[in-house]
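Structure first, commentary second.
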Amino acid sequence: MVIVGCSKGKDSGGEADGTVTIEYWQYAYKAKVDLMDELIKEFEDKNPGIKVKQTTFPYEQYNEKVATLVPAGRGPDVINLYYGWLPKYIDSGYLQPLPEDAFPVDKIESEYFSLVNAAKLDDKYWAIPTAVRTLALFYNKDLFEKAGLDPNSPPKTWDELVDYAKKLTVRENGKLVTEGMAYEIGAQLNNWFYDALVYQAGGQGLSEDRKQVLWDDTPAGLEAFTYLVEFGSKHKVGESGFYTDDVTAFKTGNAAMNIDGSFRLGTLVTDAPDLNYGVAPLPSYKEKATQSSFWANGITAKVEGEKLEASKKFLAFLTSDEVMERWIDEVGELPAKEAVATQDKYVNDPLYGPFIEQLPYANAQFYVDETAQRQYVIDAVNEVLLNGVSIEDAYNDFAAKSQKLYDDYWSNK
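Residues in the sequence shown are numbered from 1060 upward in steps of one, following our numbering.
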C-alpha cells in the first residue's frame, strides 16, 4: 500500500475565540485510547488555549484510513505510528522532522534508550515515543505445576524452551488441547526471529548503513530460522489459529507459554485478572537478545503556525516523565527514557522487571516495509509447514527477497 502525502495545507491559525484545535490519531487499543482521553483532558486544563481531538481506527484499517483520508485534506496534526512504518511515511512526504527547538537531537540521544535511533533518518528524528516495548516469555504457572514443572523456574535456554514446550503440550486423540507454546508466526514470533533469535545465535541484522541483510552472511540466520520453524514442524507444540490467536490462547489458559510484549500486561489485567502467570527474559543461546519496538508520535508535514506550536506542546507533554510513568502503570509499555524506566520500582517489579532487564541488549530492526517483511517470515514458515519445502530452501528464498527489498529501497534514494 502506498501512503499518499497530504494534498491540502493545514490551517495554521486558531479559531475565532483564540482557541487552537489540533487532531491526534492513533489506532484503537483500548488501554491506550482510555489513557489518552484522560491525558488530553489534563493537557487542555494546563493549556486553556488548546483543544485536542482524538480519532482512532482499528489497527487493521489504520494505514488504509490514512491513505484514504489524508489526500482529502482530513488528516491529523499529530499522528501515532509504528516505528517500522516511518520510512514509508517519510518517503510519502507526510511527516516533517521533529522541530529541534523543542526536541534537540542531542537531548533525545542522551535521555532515551538507544533503540529510539530507529526513528532517525537523514540525521533527523521524525517521531518520538512515550514508551518502548521488549519481548519476554509469558508462562502459565498453573499449567507448569500440572505438567510437573517448577512454576518459579521458567526456561532459560533454547534447549530448555523446547523441552518445556514439549512437556506442556497436551493432545487428546491426536487433537491439540493445550499448546506448550503459542505458535502464531504473524504475531510476535516474526519479531522474535529478526531481533532476538538471529542475535542469540551470534548473528546480526543489518549493516551499519542499513543496506545489507547480514543475518544471511553466517550460519546464525539459518540456525535461528530452523529453531523457529521446528516448534511447528518437528516439535508440534502449537498451531496457528489455535483458540483464534496466541493472545486468546494464553489468556484463556489454553497455551502454557507465549512470547509477547510488555504492552500485553495491561490487557491481561483487564481480560484475565485471575490468570496465574509469570514473565521471564527470553530464553537465550550463544548471546542474550530481545526485540524492541515502539509507537512514536510525529507531526504531519503541513502543520505550521499556531497549530505547530500547539502540536509541539502536546508532544512535549506526551514525552514528559510523568506521562511515561502513567503509561507503564496503565498500558504496560516501558518508559522510553532510560532514567524513568530504570527506577527501582520498575526494575524490581516481577512483571515489568524482566522486560526492563533486557533493554540494554534489545534490538529494533530498521524496516523499509514492515508489512512485507513480516509477511516474508509468515510465507517462509508456511512453505515448510504447508507445502513441504525444505527449511533451507524456504530460508534462502526468504533471505533473497529480504535483500532485494533493501536494494530496491536504497536504489531510489
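For each residue, glycine too, the CB sits at the ideal point set by N, CA and C. Fair warning: this is a prediction, and the values are worked out from it, not measured in the lab.
Alpha carbon of residue i to alpha carbon of residue j, nearest angstrom
i     : j     : result
N1025 : A1206 : No statement about residue 1025 is possible, as the shown extent of the chain runs from 1060 to 1472 and does not include it.
P1158 : G1152 : 16 Å
V1338 : L1248 : 16 Å
M1095 : E1123 : 22 Å
C1065 : T1303 : Confidence at C1065 is low in this model, with a pLDDT of 42, below 50, so the placement of that residue is unreliable and no value is reported for it.
D1403 : P1419 : 16 Å
V1362 : I1081 : 10 Å
D1466 : L1265 : 12 Å
F1310 : A1331 : At residue 1310 the sequence reads Lys, which differs from the Phe that was named. Going by the C-alpha atoms only, they are around 6 Å apart.
D1452 : V1382 : 48 Å
P1213 : N1317 : 12 Å
G1280 : Y1142 : 23 Å
F1373 : A1241 : 39 Å
I1187 : F1353 : 9 Å
Y1344 : S1292 : 21 Å
Other residues of its chain near residue i: CB distance less than 6 Å, five sequence neighbours each side excluded
i     : result
I1450 : T1285, V1288 and V1443
T1349 : T1193, L1194, A1255, L1341, Q1417 and A1421
D1456 : none
A1400 : L1393, P1394 and I1415
R1269 : F1425
Chain-order list of residues whose beta-carbon lies under 8 Å from that of residue i (same chain, five-residue window excluded)
i     : result
T1115 : W1084, Q1085, Y1086, A1087 and V1092
L1202 : L1227, T1237, G1312 and A1315
E1204 : P1210
According to DSSP, residues forming a beta bridge with residue i
i     : result
K1293 : Partner(s): none; K1293 has no beta bridge.
L1394 : Checking the sequence, you will find Pro at residue 1394 rather than Leu. Answer by DSSP bridge pairing, in chain order: A1190.
I1056 : Nothing in the structure corresponds to residue 1056, since the chain is present only between 1060 and 1472.
Y1083 : Q1113 and V1137
Q1155 : I1358
R1230 : L1235
L1128 : Note: L1128 sits in no beta bridge, so no partner.
A1314 : E1238
Y1171 : K1396
For residue j and residue i, believed in contact at Cβ under 8 Å, the rounded distance
i     : j     : result
Y1426 : E1346 : Not confirmed; about 22 Å, so no contact.
A1395 : A1190 : 6 Å
W1185 : L1145 : 6 Å
Cβ-based neighbour list, residue i, same chain, cut-off 7 Å, excluding 5 preceding and 5 following
i     : result
D1218 : none
E1103 : I1109, K1110 and V1111
E1389 : A1090, L1094 and G1325
D1182 : none
Checklist entry - Residue ranges of each alpha helix (DSSP H) run of no fewer than 4 residues wholly in the segment 1317–1367, ordered along the chain? => result Taking only runs of at least 4 residues, the alpha helix (DSSP H) segments lying wholly in the segment 1317–1367 are 1323–1330.
Item to check | Minimum length 4: unbroken alpha helix (DSSP H) runs contained in the segment 1406–1446 | outcome: Runs found: 1411–1416 and 1429–1446.
Item to check | Length at least 4, wholly inside the segment 1174–1220: the alpha helix (DSSP H) runs in chain order | outcome: The qualifying runs are 1200–1205.
Checklist entry - What are the start and end residues of each continuous alpha helix (DSSP H) run of 4 or more residues lying completely inside the segment 1261–1310, in chain order? => result Counting only runs of 4 or more, we get 1278–1292 and 1305–1310.
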